[in-house]
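> Start counting the sequence shown at 92; every next residue gets the next number (this note's numbering).
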Amino acid sequence: MKTLSYILLSVLLTSFGCKKKNLETNSSIEFALNKSQMVNSANVTVTNINDNRCPPNADCITAGKAEAQLSVKVNGETKDLTLCIGGDCNKVGLSDQQTFSVASVNYTVKLVEVNPYNTFEKAVVPKTVKLQVTKM
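#1: If distances are taken between C-alpha atoms only, which option among S186, T210 and L161 comes closest to V220?
#2: When you compare the CB positions of L202 and D179, do they come within less than 7 Å of one another, or not?
#3: Whose C-beta lies closer than 6 Å to the C-beta of N206 among residues of the same chain, with five residues either side of it excluded?
#4: Note down the Cα distance separating S132 from V165, rounded to an integer number of angstroms.
#5: May I ask you to list the residues that DSSP assigns as paired with A157?
#6: So, helix, strand or coil for I152, using DSSP?
#7: Whose C-beta lies closer than 6 Å to the C-beta of D171 among residues of the same chain, with five residues either side of it excluded?
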């Protein structure tokens with residue numbers, strides 16, 4: 092009987108450990124490309140990152156911008172967003188944050204940063220973004 096209890100306890104603990112965690116925070120969370128995370132009851136996926144910011148110590152005609160395209164899914168409803176940081180975002184009508192409503196609940200998603208910052212070196216390093224998702 093003790094053995095059965097230990098097995099049952101082990102199975103229960105293992106099943107709880109496999110659940111996707113739902114982060115409920117207003118701090119910045121790092122996202123890799125095409126990796127979903129649950130934040131404040133929203134399933135957030137970064138679907139594309141486009142970074143053409145001017146590297147430090149470079150002479151560029153414009154400051155450039157970094158865009159992140161996101162898919163935010165809440166209660167079966169999907170919102171596609173494009174967020175932007177950098178000096179040229181206002182030229183194309185983009186912002187670093189967007190607010191939207193799903194089932195009478197407002198969410199704000201803010202693009203905090205895109206890493207790594209561009210350099211003159213052509214090393215291929217996967218880009219990541221830091222986002223802040225707030226449930227209002």
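Just so you know, even glycine gets a beta-carbon here, dropped at the ideal spot from N, CA and C.
If we stick to the structure as given:
#1: Along the sequence shown, one-based indexing puts residue 220 at 129. Out of S186, T210 and L161, L161 has the C-alpha closest to the C-alpha of V220.
#2: For the purposes of this step, residue 202 is taken as the residue at position 111 of the sequence shown. For the purposes of this step, residue 179 is taken as the residue at position 88 of the sequence shown. Against a cut-off of 7 Å, the Cβ pair of D179 and L202 comes out as no contact.
#3: On the sequence shown, position 115 is the one that residue 206 refers to. Contacts found: T219.
#4: Locating residue 132 in the sequence shown gives position 41, where the first residue counts as 1. Locating residue 165 in the sequence shown gives position 74, where the first residue counts as 1. Inter-residue distance for S132 and V165 is about 7 Å (C-alpha atoms, whole angstroms).
#5: Within the sequence shown, residue 157 is the residue found at index 66, counting from 1. According to DSSP, which records beta bridges pairwise, A157 is partnered with D142 and I176.
#6: Start at 1 with the first residue of the sequence shown, and residue 152 comes out as number 61. Here I152 sits in coil by DSSP.
#7: Locating residue 171 in the sequence shown gives position 80, counting from the first residue. Closer than 6 Å at the Cβ level, and outside the excluded window around D171, lie S162.
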